[in-house]
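Residue 371 in this note's numbering sits at position 70 of the sequence shown; the count goes up by one each step and never skips.
Beta carbons: idealized from backbone N, C-alpha and C, even for Gly.
Given the structure is predicted, the values throughout are model-derived calculations rather than measurements.
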Amino acid sequence: MFQDHGSVGRIPYLIPVTWEDDWPVLGVNGQVPTELDIPVGNDEIPKIVASDEFDWDSALPLVWQWNHNPDHDYWSVTERPGFFRLTNGRTDTGFLDTQNSLTQRTFGPECSGVIAMDVSQMKEHQITDKHVRVL
Numbered sequence: 302m303f304q305d306h307g308s309v310g311r312i313p314y315l316i317p318v319t320w321e322d323d324w325p326v327l328g329v330n331g332q333v334p335t336e337l338d339i340p341v342g343n344d345e346i347p348k349i350v351a352s353d354e355f356d357w358d359s360a361l362p363l364v365w366q367w368n369h370n371p372d373h374d375y376w377s378v379t380e381r382p383g384f385f386r387l388t389n390g391r392t393d394t395g396f397l398d399t400q401n402s403l404t405q406r407t408f409g410p411e412c413s414g415v416i417a418m419d420v421s422q423m424k425e426h427q428i429t430d431k432h433v434r435v436l
């Protein structure tokens, strides 16, 4: 199922299901629980939170997702080990059109993120978005 969590958006969550007379019955005793007791060490459940250190090979872990179909010629985790390198192949007019936008699944009902960027190779007046500029 999905739950609405405001600015985080709709988040997927698990609900216990039983079958009665060939119909699914959601929840426990007519109530959908807000939390489930799922053991953290269960390796059969895919992890939805993982390291952002970019210290892995060329495959992105499942916690990462592209906003659109990516152009694989313009990103790398091996070109500079320990860094996620993203370059542009085209100039877009807005974020909704931008092809290589990498995001991570939200968690919580609330979450936040902090990034560190090496912009030392950017040229004067280049813009990554409206918040990061080289002056």
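Item to check | Buried/exposed call for asparagine 368, threshold 16 Cβ in 10 Å | outcome: By one-based count along the sequence shown, residue 368 stands at place 67. Residue burial annotation: asparagine 368 is exposed, with fewer than 16 other C-beta atoms found within 10 angstroms of its C-beta.
Checklist entry - Cα-Cα, which of Arg386, Gly307 and Tyr375 is closest to serine 421? => result As a first step, residue 421 must be located in the sequence shown, where it is residue number 120. Residue Arg386 is the option with its Cα nearest to serine 421.
Item to check | Beta-bridge pairing of threonine 319 - partner residues as DSSP gives them | outcome: Numbered from its first residue, the sequence shown carries residue 319 at position 18. Threonine 319 is bridged to Val326.
Checklist entry - Under the rule that 16 or more other beta-carbon atoms within 10 Å means buried, what is asparagine 330, buried or exposed? => result Residue 330 sits at position 29 when you count from the first residue of the sequence shown. Around the C-beta of asparagine 330, fewer than 16 other C-beta atoms lie within 10 Å, and the residue is accordingly described as exposed.
Checklist entry - Less than 9 Å separating the beta-carbons of glutamine 313 and proline 334? => result Here residue 313 refers to the residue found at position 12 of the sequence shown. Here residue 334 refers to the residue found at position 33 of the sequence shown. Note that residue 313 is proline in the sequence shown here, rather than glutamine. Not in contact: proline 313 and proline 334 (Cβ atoms no closer than 9 Å).
Next on the checklist: In the DSSP assignment, the beta strand (DSSP E) including proline 382 goes from what residue to what residue?
Outcome noted: Indexing the sequence shown from 1 puts residue 382 at position 81. Proline 382: not part of any beta strand (DSSP E); DSSP gives it neither H nor E.
Next on the checklist: Could you tell me the alpha carbon to alpha carbon distance between aspartate 353 and threonine 379, rounded to whole angstroms?
Outcome noted: The residue labelled residue 353 in the question sits at position 52 within the sequence shown. The residue labelled residue 379 in the question sits at position 78 within the sequence shown. Straight-line measurement puts the Cα of threonine 379 at about 15 Å from the Cα of aspartate 353.
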